[in-house]
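A.B. asks:
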Amino acid sequence: MKIAVLGATGQTGQQLVNQALQQGHIITAIVRNPSKLAINHENLKVVEGNIFSEDSLKPHFTGQDAVMSCLGFPPSMFYGVTGYSQSMTATLSAMREVKVNRIITMTSWYTDPNSGTRCSFFIRFMLLPIIRSVLSNMYEMEKLLEKTEDINWTVVRPPGLQNTPVTDKEFLTHEGYYVPDENDNPVGQTVSRSDVARFMLSLLSNNTWIKKAVSIITK
């Protein structure tokens, strides 16, 4: 498939690009600074683009089969975070203009502000407040996608991300804001970035999660 990738220079994005190339996909990586993507492959095209501009994205989306996004933005306690919703607004508009109908993007567990009541003390009262600005804008982006009827979207929600090698472990999935056990407590706290990329790429040939958000973790 021909895939446009946003966030390709990030840690998860690089995993996704590498795995996609290994699977034989043709990748267009749309980045702010092409020199930051140290991957060379005959099926990889690295282009400079503005993720907040529909006009900048349209020529790079033209002819693609899907768009995949691993964009990330740092938390901000003073100004809030707007990058997720703003970039998705531009992305969806560009996709409509050039008739690309599939997008797979990632957010996180606990984007809903009321969803973290079952997690550990440390996560609930120390970590989540620190990253709440990020989670809140991810949540805003998710709500934007939920209202999108003309494009086949999927949101992948992983927990904490680790830089560990890809595995062949089975995924646990749940259509909610975390993966629960039988007592509705979260199952685990972390997942490998490489496994998140593996799951996202699996969705290219799996329609189970079309127009849905899915929380994931490996067994």
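When the letters of the sequence shown are read in order and numbered with UniProt numbering, they come out as residues 1 to 219.
In this text, a Cβ means the ideal position worked out from N, Cα and C, and glycines have one as well.
Every value quoted in this text rests on a predicted model; they were computed, and no experiment measured them.
#1: In terms of alpha-carbon separation, which member of Glu146, Val81 and Gly72 lies closest to Arg193?
#2: Do the CB positions of Arg157 and Ser205 come within less than 8 Å of each other?
#3: Hey, quick one: how far does the beta strand (DSSP E) through Gly160 stretch, first residue to last?
#4: So the alpha helix (DSSP H) Ala197 belongs to, where does it begin and stop?
#5: Give me the residue from Thr173, Gly24, Pro75 and Ala8 with the minimum Cα distance to Gly49.
#6: Determine the DSSP secondary structure at His25, reduced to helix, strand or coil.
#7: Going by beta carbon distance, what residues of the same chain come within less than 7 Å of Ala90, once the five residues before and after it are set aside?
#8: Throw me the rounded Cβ distance for the Val31 and Gln64 pair, which I believe falls under 8 Å.
#9: Could you tell me which residues DSSP pairs with Pro180 in its beta bridges?
#10: By a C-beta neighbour count over all protein chains shown, 10 Å radius and 16 as the cutoff for buried, is Phe78 buried or exposed?
#11: What is the rounded straight-line gap between the Cα of Trp209 and the Cα of Ala38?
#12: My guess is that Gln184 and Arg118 are in contact by the Cβ rule of under 8 Å, so how many angstroms apart are they, rounded?
#13: What do you reckon, are the CB atoms on Met88 and Ile151 nearer than 8 Å?
#14: On a CA-only basis, which of Glu140, Pro75 and Thr173 is nearest Ala130? Give me that one, please.
C.D. replies: Let me spell this out:
#1: Locating residue 193 in the sequence shown gives position 193, counting from the first residue. It is Gly72 whose Cα lies nearest to the Cα of Arg193.
#2: Your numbering for residue 157 matches position 157 in the sequence shown. Your numbering for residue 205 matches position 205 in the sequence shown. Not closer than 8 Å, so no.
#3: Sequence index remark: in the sequence shown, residue 160 carries index 160 (1-based). First-last of the beta strand (DSSP E) with Gly160: Gly160 to Gln162.
#4: By 1-based counting over the sequence shown, the position of residue 197 is 197. First-last of the alpha helix (DSSP H) with Ala197: Arg193 to Ser202.
#5: On the sequence shown, position 49 is the one that residue 49 refers to. Taking only the C-alpha atoms, the option nearest Gly49 is Ala8.
#6: Within the sequence shown, the letter at position 25 stands for residue 25. His25 falls in the coil class under three-state DSSP.
#7: Counting from 1 along the sequence shown, the entry for residue 90 is found at position 90. Only Ile51, Phe52, Ser53, Glu54 and Leu57 meet the Cβ criterion.
#8: Translated into the one-based positions of the sequence shown, residue 31 becomes position 31. Translated into the one-based positions of the sequence shown, residue 64 becomes position 64. 15 Å between Cβ atoms; not a contact.
#9: Within the sequence shown, residue 180 is the residue found at index 180, counting from 1. Its beta-bridge partners are Pro186.
#10: Taking the first residue of the sequence shown as position 1, residue 78 is located at position 78. By the neighbour-count rule (16 or more Cβ atoms within 10 Å), Phe78 is not buried but exposed.
#11: Looking up residue 209 in the sequence shown gives position 209. Looking up residue 38 in the sequence shown gives position 38. C-alpha separation (whole angstroms): 32 Å.
#12: If you number the sequence shown from 1, residue 184 lands on position 184. If you number the sequence shown from 1, residue 118 lands on position 118. The residue asked about is misnamed: residue 184 is Asp in this sequence, not Gln. Their Cβ separation, rounded to whole angstroms, is 6 Å, which keeps Asp184 and Arg118 in contact under 8 Å.
#13: The count along the sequence shown starts at 1 and reaches residue 88 at position 88. The count along the sequence shown starts at 1 and reaches residue 151 at position 151. Contact: no.
#14: What you label residue 130 is simply residue 130 of the sequence shown in a count that begins at 1. Checking the sequence shown, residue 130 turns out to be Ile, not Ala. Measuring from the Cα of Ile130, the nearest candidate turns out to be Pro75.
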